[in-house]
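There are 2 protein chains.
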Amino acid sequence: MKEFLAKAKSSTQIISTLDSRTKSRILKEMAEAIFENGSYIIEENSKDMALGKKNNLDSALLDRLLLDKGRVTAMAKSLVEISALREPVGRVLDGWVNDDNLRIEKVSVPIGVVGVIYESRPNVTSDVAGLCFKSGNVAILKGGKEAEFSNRAIAKILQSVLEINKLPIELISLLPDSTREGVAKLIKEDSFVDLIVPRGGEGLIRYISKNASVPVVKHDKGLCHTYIHKDADPKKAISIAINAKCQRPGVCNAMETLIIDREIAKKLLPSIYKAFVDAGTKLKGCSATREFIFVELATEDDFDTEYLANQLNIKVVNSIDDAITHITKYGSGHSEAIITENYTASEKFLNMIDAACVYVNASTRFTDGAVFGFGAEVGISTNKLHARGPMGINELTTYKFKIYGNGQIR
Amino acid sequence: MKEFLAKAKSSTQIISTLDSRTKSRILKEMAEAIFENGSYIIEENSKDMALGKKNNLDSALLDRLLLDKGRVTAMAKSLVEISALREPVGRVLDGWVNDDNLRIEKVSVPIGVVGVIYESRPNVTSDVAGLCFKSGNVAILKGGKEAEFSNRAIAKILQSVLEINKLPIELISLLPDSTREGVAKLIKEDSFVDLIVPRGGEGLIRYISKNASVPVVKHDKGLCHTYIHKDADPKKAISIAINAKCQRPGVCNAMETLIIDREIAKKLLPSIYKAFVDAGTKLKGCSATREFIFVELATEDDFDTEYLANQLNIKVVNSIDDAITHITKYGSGHSEAIITENYTASEKFLNMIDAACVYVNASTRFTDGAVFGFGAEVGISTNKLHARGPMGINELTTYKFKIYGNGQIR
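Read top to bottom, the protein sequences are chains Y and C. The first sequence lines up with residues 2 to 411 when you count with the working numbering. The second sequence lines up with residues 2 to 411 when you count with the working numbering.
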């Protein structure tokens, strides 16, 4: 393990000297290699699928695990898109001359060795490898056990392109020891690893946060709210609420609780109720909600649960302050939305809500690196430090100060 | 402890709503209060000084601990300067319209609750309190035991200004349990504390890095090098080398090892030797160094030591690559300098050295928030994530995305 990590660390010197054109060319070669070896990847993936079925993985998991021709092509396409992104290294982020006539430049540089720990979807392997490569970082990838054959196949193909280009295969590699012990070692090696990005279940993320000595930017749960303010446009309110919950209920930026002002609850809740029932959503509500519509009573625990399913809590509040208090208590700092035509209410919500993404009159489902225009994403950070919200290639860089003098002493 | 931390956390809502003018006014009131209560602070400080002498603290430590009228005035002045800094909250860092016609704004916001752990110098208490207040953060301060009377006096004065302004005193407070156990608890409370900045000895920082579940930005050791390239201007080389080591040997941005190209060692080392001997510097050197001047042999351990004293290692290398290899091996990623008139060598050094601050033809002693123009500094980060190098008020902010829609769904 130490030997592997030492090689990974020393490879940072090699990747940091690759110029933008070379990196782009190699990424395109990787895309071609993925495309050409599609049938090999699908063959290996079918081993994972067979094991998954044998181990009774649920259908949603199996669907995420599956690679077919279309998904392999999408993986290749994503690498081509990453290759076309603006070079993230060497951006001049700031620059000035100080009182000593030193010219100070703040310039983006790669982070170094980045470990990404993720589950199920094997396309993450090529996406994250591509993003790390483009941003000049060495990638150590640890996918889920259920996707082991698929991830190995993908990594092998990417490494073959590195070999053809006479680059060390350590630039992109799977964690050699993929057991829990392997992960436990990885997250402690702060002299070799510069960043850990865990994406996955709450248990995994809590374990890593508590035990890592390497800095962690976590892709944690999304407990998102949509608040329908008394001055909301009813049409926007209903369509956004339905979209935020139902378009894809199993993802982190989907809504878990709908909050609505008492003042318009009587008028609006019945139509909202109907729309959700039509969409097959299981509804619960606070006691005030049950004055207006007939739903099961939502408990404290319900308000604190990321359902990841077509299920929703409804909460009736007396004011925007109550809505903000509820969100501050239960929200996970991921994505929160207000629906209102009222300027002052929108400003108050935007400023008071402490979350990575705060929306006015739009669905929380938009929190996504690709949608934001970042190209692919490494994850959605629920950290406050370093990166917050969707993380693209720029969030895989740090900076250094270059200081140009002409003999200055202090 | 939990109760105290919960109060601190809930106070973030209060400070985040204070406008820029109010914060500036209160900071000026704090400066006045410090100035007016100078004799009280000096009185309390004299208790720390007496205890320090009784406990045989060395003279350098005692000097750092001492507060006299000049230093109290400087503390007050620093608060006035902080009050005049540009408002760090609400800066629009980026903004664009995405393909869905959502207007996305990336805006700076306070981090939340910031814990700063530091040693000896009591002026850090008011500096850090001022920086946190200006940037809308709640400050939890843990100074050294040796400065306990002084720190309590300063905190009490700052809190009295908060009280006059009807603000919770939790906005600026000393950690109630200032024992090691108190610190151990603080760094685990990631639901209440958003950032820990440890400043101090290696032991403290290693302990915190290993045990914290709160994100840590560490102000770690500085093992800094100055590399005299073969095309260096001899005059600049000598004056920068002397300044980097001798102007203030006990600080993190002072040089520990001087590296020099063999090609100019014969010509330059004797004068360098003389200059350092005149400055009272204790010298050691690699075996190649001893071909040119008579110094004690430097061991591996010497090259790996932050002396924090007027002591220096000298290393003779055959090329810039060897210099970079040495720095990569022993450097702490703090500040590194090359002295050269050669353009290509300067570019290579700037790009290949992985450190927060990389200098051409200037002393590493310039790595400092005030010198960089940041106003006062929270510390100098040796982290790669979030903040690197001098940390001012902007580094005490994170960001959120504000997203303005008109009914968009996905």
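Cβ coordinates follow ideal geometry from the N, Cα and C atoms, glycine included.
For this session: Mind checking the segment 91-119 of chain C against chain Y and listing, in chain order, the residues whose C-beta falls within less than 8 Å of any C-beta there?
Result: W97, N99, D100, D101, L103, I105, V110, I112 and G113
For this session: Measure the C-alpha to C-alpha separation of L224 of chain C and I339 of chain Y and round it to an integer number of angstroms.
Result: 50 Å
Exercise. Taking DSSP as the reference, what is the three-state secondary structure of C287 of chain C?
Worked result: coil
Problem set entry | Span separating the alpha-carbon of E348 of chain Y from that of A156 of chain Y | 47 Å
Problem set entry | Beta-ladder partner(s) of L142 of chain Y, from DSSP | Y:V117 and Y:L175
Exercise. For the beta strand (DSSP E) that contains P169 of chain Y, what are its first and last residues?
Worked result: From DSSP, P169 of chain Y is part of no beta strand (DSSP E); its letter is neither H nor E.
Exercise. When the Cβ atoms of the segment 77-84 of chain Y are set against those of the segment 114-132 of chain Y, are three or more pairs found closer than 8 Å?
Worked result: yes
Problem set entry | Interface residues of chain C facing Q248 of chain Y [CB-CB closer than 7 Å] | R411
For this session: Flag P89 of chain Y as yes if its beta-carbon sits less than 8 Å from any beta-carbon of chain C, otherwise no.
Result: no
Exercise. Hey, quick one: how far does the alpha helix (DSSP H) through R2 of chain Y stretch, first residue to last?
Worked result: In the sequence as displayed, the identity of residue 2 of chain Y is Met instead of Arg. No alpha helix (DSSP H) contains M2 of chain Y, which DSSP labels as neither H nor E.
Exercise. Apart from the five residues on each side of it in sequence, which residues of its chain come closer than 8 Å, Cβ to Cβ, to L163 of chain Y?
Worked result: I27, P169, I170, L172 and I173
Problem set entry | Neighbour list for F1 of chain C in chain Y, Cβ cutoff strictly below 7 Å | Nothing can be reported for residue 1 of chain C: it is not among the residues displayed for chain C, which extend from 2 to 411.
For this session: Using a Cβ-Cβ cut-off of 8 Å, state whether R389 of chain C counts as contacting chain Y.
Result: yes
For this session: Find the residues of chain Y that neighbour L68 of chain C, judging by a C-beta separation of less than 7 Å, and give them in chain order.
Result: What L68 of chain C touches in chain Y: nothing, since even the nearest Cβ is about 24 Å away.
Problem set entry | For P216 of chain Y, three-class secondary structure by DSSP | coil
Problem set entry | Buried/exposed call for P250 of chain Y, threshold 16 Cβ in 10 Å | buried
For this session: Might you give, ordered along the chain, the residues of its own chain that have their beta carbon closer than 7 Å to the beta carbon of I112 of chain Y, omitting 5 neighbours on each side?
Result: N138, D195, L196, L397, T398 and T399
For this session: At 7 Å on the CB atoms, spell out the chain C contacts of A61 of chain Y, in chain order.
Result: Per Cβ cutoff of 7 Å: no residues; A61 of chain Y is ~19 Å from chain C at best.
For this session: Taking C-beta pairs closer than 9 Å, name the residues in chain Y that I381 of chain C reaches, listed in chain order.
Result: Going along chain Y, no residue has its Cβ under 9 Å from I381 of chain C, so there is no contact; the nearest lies around 11 Å.
Exercise. Within 10 angstroms of its Cβ, does T23 of chain Y collect 16 or more other Cβ (buried), or is it exposed?
Worked result: exposed
Exercise. Is it right to say E1 of chain Y is buried, meaning 16 or more other beta carbons lie within 10 angstroms of its own, or is it exposed?
Worked result: The first residue shown for chain Y is 2 and the last is 411, placing residue 1 of chain Y beyond what the model contains.
For this session: Spatial neighbours of Q409 of chain Y within its chain, please: CB distance less than 8 Å, with the 5 preceding and 5 following residues excluded, ordered by chain position.
Result: D101, N102 and L103
Exercise. Expressed to the nearest angstrom, what Euclidean distance is found between the alpha-carbon atoms of M392 of chain Y and L176 of chain Y?
Worked result: 22 Å
Exercise. I think I241 of chain Y touches A276 of chain Y, with their Cβ atoms under 8 Å apart; what is that distance to the nearest whole Å?
Worked result: In fact, because the Cβ distance is near 11 Å, the residues do not count as touching under 8 Å.
Problem set entry | Paired residues, beta bridge with A259 of chain C - DSSP | Position check: residue 259 of chain C holds Leu in this sequence, whereas Ala was assumed. L259 of chain C is bridged to C:T227 and C:I315.
Problem set entry | For L66 of chain C and E147 of chain C, believed in contact at Cβ under 8 Å, the rounded distance | 6 Å
For this session: List the residues that DSSP assigns as beta-bridge partners of E337 of chain Y.
Result: Y:H226 and Y:V359
Exercise. Along chain C, which residues have their Cβ under 9 Å away from the Cβ of A346 of chain Y?
Worked result: Near A346 of chain Y there are no residues of chain C at all, since even the closest Cβ is about 14 Å away, more than 9 Å.
Exercise. Near A233 of chain Y, what residues of its chain come up, given a Cβ to Cβ distance below 6 Å and the 5 sequence neighbours on each side ignored?
Worked result: I340 and T341
For this session: Quick one: residues in its chain with C-beta nearer than 6 Å to the C-beta of S84 of chain Y, no 5 flanking neighbours on either side, listed in chain order?
Result: S25, L28 and K29
For this session: Return helix, strand or coil for T383 of chain Y, following the three-state DSSP convention.
Result: coil
For this session: Report the option in Y:A310, Y:L309 and Y:K267 whose CA atom is closest to the CA atom of R291 of chain Y.
Result: Y:K267
Exercise. Can you round the beta-carbon distance between L413 of chain Y and I261 of chain Y to whole angstroms, since I take them to be within the 8 Å contact cut?
Worked result: The structure shown does not extend to residue 413 of chain Y, since chain Y is modelled only from 2 to 411, so the question has no answer here.
Problem set entry | Assigned secondary structure, N46 of chain Y (DSSP; H/G/I helix, E/B strand, else coil) | helix
Exercise. So is F295 of chain C buried or exposed if we call it buried at 16+ other beta carbons inside 10 Å?
Worked result: exposed
Exercise. What do you get for L298 of chain Y, buried or exposed, if any count of 16 or more other CB atoms within 10 angstroms of its CB means buried?
Worked result: exposed
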